[in-house]
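The structure appears right after this line, and notes come after that.
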Amino acid sequence: MSENTNMEQLSIPEFYKGRSVFITGATGFMGKVLVEKLLRSCPEIEKVYLLMRPSKGQSVECRLKDLINNQIFDVVRKQQSNAMTKIVAVTGDVTLPGYGLSASDLNLLIENVSIVFNSAATIKFNEELKDAIEMNVKGPMQLLEICRQMKRLEAFVHVSTAFNNLDREEMKEQVYHSKVDPVKLIQLLDCLDDNVVKKIAPQLLGNCPNTYTYTKALAEQLLEEQCGTVPLAIVRPSIVTAALKEPVPGWVDNYNGATGTIAAVGKGFFRVMKINADLVADIIPVDYPINLMIAVAWHLATRRPREVPVYSCTTGHRNPLTWGGLKRWTLQSWMKYPATDMMWYPSALYTINDFWYKTTEAFFHTIPAYLFDFFYSVTGKRARWVKMYAKATIAFSSLEFFTTHQWKFISNNPIRLMEEMSTQDKKTFYFDVREIEWKSYFDVFIQGARRFVLKEDPSTLPLARRNLNRLYMAKMFLRLLFFFGLFTVLWRSFRPFLLPVICLETAVFLLTEFLSVDEPLKSISILNLFKSDFDGNKLITKSQIFYPGSDFYCMLIIVS
Numbered sequence: 001m002s003e004n005t006n007m008e009q010l011s012i013p014e015f016y017k018g019r020s021v022f023i024t025g026a027t028g029f030m031g032k033v034l035v036e037k038l039l040r041s042c043p044e045i046e047k048v049y050l051l052m053r054p055s056k057g058q059s060v061e062c063r064l065k066d067l068i069n070n071q072i073f074d075v076v077r078k079q080q081s082n083a084m085t086k087i088v089a090v091t092g093d094v095t096l097p098g099y100g101l102s103a104s105d106l107n108l109l110i111e112n113v114s115i116v117f118n119s120a121a122t123i124k125f126n127e128e129l130k131d132a133i134e135m136n137v138k139g140p141m142q143l144l145e146i147c148r149q150m151k152r153l154e155a156f157v158h159v160s161t162a163f164n165n166l167d168r169e170e171m172k173e174q175v176y177h178s179k180v181d182p183v184k185l186i187q188l189l190d191c192l193d194d195n196v197v198k199k200i201a202p203q204l205l206g207n208c209p210n211t212y213t214y215t216k217a218l219a220e221q222l223l224e225e226q227c228g229t230v231p232l233a234i235v236r237p238s239i240v241t242a243a244l245k246e247p248v249p250g251w252v253d254n255y256n257g258a259t260g261t262i263a264a265v266g267k268g269f270f271r272v273m274k275i276n277a278d279l280v281a282d283i284i285p286v287d288y289p290i291n292l293m294i295a296v297a298w299h300l301a302t303r304r305p306r307e308v309p310v311y312s313c314t315t316g317h318r319n320p321l322t323w324g325g326l327k328r329w330t331l332q333s334w335m336k337y338p339a340t341d342m343m344w345y346p347s348a349l350y351t352i353n354d355f356w357y358k359t360t361e362a363f364f365h366t367i368p369a370y371l372f373d374f375f376y377s378v379t380g381k382r383a384r385w386v387k388m389y390a391k392a393t394i395a396f397s398s399l400e401f402f403t404t405h406q407w408k409f410i411s412n413n414p415i416r417l418m419e420e421m422s423t424q425d426k427k428t429f430y431f432d433v434r435e436i437e438w439k440s441y442f443d444v445f446i447q448g449a450r451r452f453v454l455k456e457d458p459s460t461l462p463l464a465r466r467n468l469n470r471l472y473m474a475k476m477f478l479r480l481l482f483f484f485g486l487f488t489v490l491w492r493s494f495r496p497f498l499l500p501v502i503c504l505e506t507a508v509f510l511l512t513e514f515l516s517v518d519e520p521l522k523s524i525s526i527l528n529l530f531k532s533d534f535d536g537n538k539l540i541t542k543s544q545i546f547y548p549g550s551d552f553y554c555m556l557i558i559v560s
């Protein structure tokens with residue numbers, strides 16, 4: 001009893017003191033942040049074992065060296081001279097039996113590890129079903145078997161996703177069970193030819209939009225059913241984006257998910273997207289799920305809950321942000337911190353109408369891409385824009401299901417967990433999403449994307465702002481040219497019909513002014529007409545173009 005009481009009184013850094021952790025997926029976006037946070041905020045941690053495999057001709061030793069030299073660890077290196085010596089690479093592969101661990105490495109983990117974080121997964125939405133199951137289902141199950149052998153194991157934290165079981169509008173913090181037995185399904189798929197699996201995959205997925213969400217749900221179910229005495233907890237982050245505060249404000253190292261789309265908008269490369277602006281965009285800064293994972297392991301080991309706890313690390317329930325809000329704040333931030341080498345003035349058109357989407361995509365993406373390639377070919381450069389847009393369109397199409405649908409992810413368990421943490425632990429391992437101020441976050445996000453993804457130094461901002469102003473002038477010139485041509489065509493086509501109406505409207509307008517009527521007939525100011533955003537923020541409707549108003553007719557007369 002006294003031992004349990006003493007454990008419960010430990011702060012999070014005290015809990016990790018003298019303990020070793022094992023992390024899968026440590027070279028990924030979330031994995032790097034997890035390693036850095038553990039080393040910096042739990043300075044007396046014993047060892048951090050990382051599962052790594054040779055990749056792209058690089059040995060595990062070379063990959064470990066690259067990881068240790070990553071700029072994400074700059075602060076840790078300055079604060080703790082010996083911190084990086086605590087990182088130990090273990091050669092293995094999650095797709096191999098027993099993770100492909102050598103006997104000595106397996107024994108090293110069994111004898112020393114107390115906490116396991118599983119963040120390894122294939123994040124490709126279009127992954128073949130068999131490959132996705134190997135990585136996202138069999139991988140965690142093999143890790144569970146390794147955990148059973150660990151003599152000091154106190155916590156196994158599995159990173160899942162909020163976007164599983166998407167056939168439900170509301171998802172509670174519990175593991176949902178599918179109608180299909182996962183074990184029998186895996187046995188069946190192992191016996192079938194790859195081509196047969198490809199044919200039956202759509203029927204197996206059902207309402208799931210891709211193999212990623214499908215296999216993540218299967219893994220949760222299997223882990224809960226078979227964990228036995230292994231202390232297991234599941235963390236479900238939503239769309240993980242750039243850090244808000246740590247390790248560095250705005251830190252992000254890839255183009256995956258929302259980051260790639262936001263960067264493409266900032267470059268003026270991507271301008272049309274199939275998104276419902278009124279739906280919730282459930283994004284979460286990466287430092288929030290990382291802090292939650294570390295706290296969950298502490299709570300799991302010190303409180304030892306009977307059931308498998310599930311933590312939904314999302315913002316939609318507690319601090320919702322719509323896709324329209326995301327668009328507004330990101331564009332405003334790109335205006336403050338523009339990219340240096342922009343294709344065009346940043347803008348974004350959201351639509352859920354298929355016809356309008358295809359039409360505007362052709363106008364803003366496809367046609368300009370062919371024009372750019374033609375110009376490049378004439379000048380002796382390699383044509384590349386058509387292929388680039390085709391790849392970008394395919395990549396974004398995999399996200400359309402998430403930008404045109406909405407779910408409610410209940411997130412009560414993180415709040416309950418915070419109530420059991422000390423004041424200092426809440427500050428160090430923060431994950432209260434209610435404190436996020438979205439407008440200021442996107443200033444941080446865009447500066448981070450500019451620095452870490454686009455590799456643009458802050459010193460280039462003055463040049464970038466000059467380029468932005470030039471592109472704005474070019475945009476306004478083309479807009480003026482467009483409307484000039486439009487008005488000319490309208491005037492020449494409908495001149496016989498418009499003249500009588502103009503005379504009548506002018507007479508009514510003068511009469512109402514002379515008689516001091518409270519409000520004359522409504523008119524459309526030509527200035528407002530030009531302020532409307534042709535790029536999609538506000539479209540000119542047919543009724544606006546033909547509505548008889550004095551300013552509009554004056555412009556027609558000038559054009560003629």
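If you read the sequence shown in the UniProt record's numbering, its first letter stands for residue 1, the second for the next number, and so on.
Idealized CB from N, CA, C, for every residue including glycine.
From a predicted model like this one, the values you see are computed outputs, not experimental measurements.
Original post:
Which residues does DSSP pair with residue 58 in a beta bridge?
Top reply: 55, per the DSSP bridge assignment.
Original post:
Apart from the five residues on each side of it in sequence, which residues of its chain come closer than 7 Å, Cβ to Cβ, to residue 54?
Top reply: Taken in chain order, the residues that qualify are 60.
**OP:** Starting from the C-beta of residue 135, find all residues in its chain whose C-beta is less than 7 Å away, skip the five residues before and the five after it, and write them out in chain order.
**Re:** Cβ within range, chain order: 94, 95, 121 and 122.
**OP:** Kindly indicate which residue of 228, 10, 233 and 131 has the alpha-carbon position closest to the one of residue 156.
**Re:** Answer by Cα proximity: 233.
**OP:** Below 7 Å CB to CB, which residues in the same chain sit around residue 418 once its five sequence neighbours on both sides are set aside?
**Re:** For residue 418, same chain residues with a beta-carbon under 7 Å away, outside a window of 5 residues either side, are 426 and 432 in chain order.
Subject >> Cut-off 7 Å between Cβ atoms - residues of its own chain near residue 440, not counting five sequence neighbours on either side >> reply: So no residue of the chain qualifies.
Subject >> Beta-carbon proximity of residue 266 to residue 119, cut-off 9 Å >> reply: It is not a contact, given that the beta carbons lie outside the stated cut-off.
Subject >> C-beta atoms of residue 281 and residue 326 nearer than 9 Å >> reply: It is a contact, given that the beta carbons lie within the stated cut-off.
Subject >> Distance between residue 181 and residue 147 (C-alpha atoms, nearest Å) >> reply: Those two C-alpha atoms are separated by around 23 Å.
**OP:** Taking only the alpha-carbon atoms, compute the straight-line gap between residue 485 and residue 373 and give it to the nearest angstrom.
**Re:** The alpha-carbon of residue 485 is positioned some 26 Å away from that of residue 373.
Original post:
Taking Cβ positions, are residue 310 and residue 175 nearer each other than 9 Å?
Top reply: Remark: C-beta atoms of residue 310 and residue 175 approach each other more closely than 9 Å.
Original post:
Which partner residues of residue 156 appear in the DSSP bridge assignment?
Top reply: The partner list for residue 156 (beta bridge, DSSP) reads 116 and 232.
Original post:
Any idea what DSSP makes of residue 11, helix, strand or coil?
Top reply: Of the three classes helix, strand and coil, the one that applies to residue 11 here is coil, per DSSP.
**OP:** Would you mind giving the Cβ-Cβ distance between residue 212 and residue 272, rounded to the nearest angstrom? I have them listed as a contact below 8 Å.
**Re:** Going by Cβ atoms, the distance from residue 212 to residue 272 rounds to 25 Å, so no, they are not a contact pair.
Subject >> Residues that DSSP places opposite residue 22 in a beta bridge >> reply: According to the DSSP secondary-structure assignment, residue 22 is paired through a beta bridge with 49 and 116.
**OP:** Would you please state the rounded distance, in angstroms, between the beta carbons of residue 85 and residue 105? I believe it to be under 8 Å.
**Re:** Contact annotation, residue 85 with residue 105: C-beta distance approximately 18 Å; criterion of less than 8 Å not satisfied.
Subject >> For residue 276 and residue 429, believed in contact at Cβ under 8 Å, the rounded distance >> reply: The C-beta distance from residue 429 to residue 276 rounds to 34 Å, too long to meet the 8 Å contact threshold.
**OP:** Take residue 413 as the anchor and find which of 183, 145, 204 and 293 has the nearest alpha-carbon.
**Re:** Taking each of 183, 145, 204 and 293 in turn and checking the Cα distance to residue 413, the smallest one comes out for 293.
**OP:** Could you give the DSSP three-state label for residue 201: helix, strand or coil?
**Re:** The answer is helix: DSSP assigns residue 201 an H, G or I state.
**OP:** With a threshold of 16 other CB atoms inside 10 Å of the CB of residue 405, please say whether the residue is buried or exposed.
**Re:** With fewer than 16 other Cβ atoms inside 10 Å of its own Cβ, residue 405 counts as exposed.
Original post:
Do residue 75 and residue 40 have their CB atoms nearer than 9 Å?
Top reply: Result yes, Cβ atoms of residue 75 and residue 40 sit closer than 9 Å.
Original post:
Can residue 235 and residue 160 be called in contact, C-beta distance under 9 Å?
Top reply: Between residue 235 and residue 160, the C-beta spacing is below 9 Å.
Subject >> Same chain, Cβ closer than 6 Å to residue 364, five either side skipped, listed in chain order >> reply: Here the set comprises 271 and 272.
Original post:
How many Å lie between residue 519 and residue 465 at the Cα?
Top reply: Annotation note: pLDDT 43 at residue 519 (below 50); position unreliable, coordinate value reported separately. Taken atom to atom, the span from the alpha-carbon of residue 519 to that of residue 465 is near 42 Å.
Subject >> C-alpha distance - residue 257 paired with residue 399, whole-angstrom precision >> reply: Between residue 257 and residue 399, the C-alpha separation is close to 8 Å.
**OP:** Would you mind working out which of 163, 172 and 205 sits nearest residue 179, comparing C-alpha positions?
**Re:** For residue 179, the closest of 163, 172 and 205 by C-alpha to C-alpha distance is 205.
Original post:
Mind pulling the alpha helix (DSSP H) runs of 4 or more residues that sit fully within the stretch 302-332?
Top reply: The stretch 302-332 contains no whole alpha helix (DSSP H) run of 4 or more residues.
Original post:
Is the stretch 381-391 touching the stretch 182-192, taking contact as three or more C-beta pairs under 8 Å?
Top reply: No, because fewer than three Cβ pairs between the stretch 381-391 and the stretch 182-192 fall closer than 8 Å, the two stretches do not touch.
Original post:
Between the C-alpha atoms of residue 248 and residue 73, what's the straight-line distance to the nearest angstrom?
Top reply: Rounded to the nearest angstrom, the gap between the Cα atoms of residue 248 and residue 73 is 10 Å.
Subject >> Identity of the residue in 500, 478 and 444 nearest residue 243 by Cα >> reply: That would be 444, whose Cα lies nearest to the Cα of residue 243.
Original post:
CB-CB under 7 Å to residue 450, same chain, minus the five flanking residues each way: which ones, in chain order?
Top reply: Its chain contains 337, 339 and 456 as the residues whose beta carbon lies nearer than 7 Å to that of residue 450, once the 5 sequence neighbours on both sides are disregarded; these appear in chain order.
**OP:** Using 10 angstroms around the beta-carbon of residue 379, count the other beta-carbons present and answer buried if the total reaches 16, otherwise exposed.
**Re:** It counts as exposed.
Subject >> Residue range of the unbroken alpha helix (DSSP H) whose run includes residue 648 >> reply: Residue 648 lies beyond the range of the chain shown here (1 to 560); nothing can be said about it.
Original post:
Among residues of its own chain, excluding the 5 on either side of residue 83, which ones have a beta-carbon nearer than 6 Å to its beta-carbon?
Top reply: The answer, listed in chain order, is 39 and 76.
Original post:
Out of curiosity, what's the CA-to-CA distance linking residue 45 and residue 153?
Top reply: About 15 Å.
Original post:
Exposed or buried, what is residue 144 when buried is set at 16 or more other beta-carbons lying within 10 Å of its beta-carbon?
Top reply: Classification of residue 144: buried, given that the 10 Å Cβ count is 16 or more.
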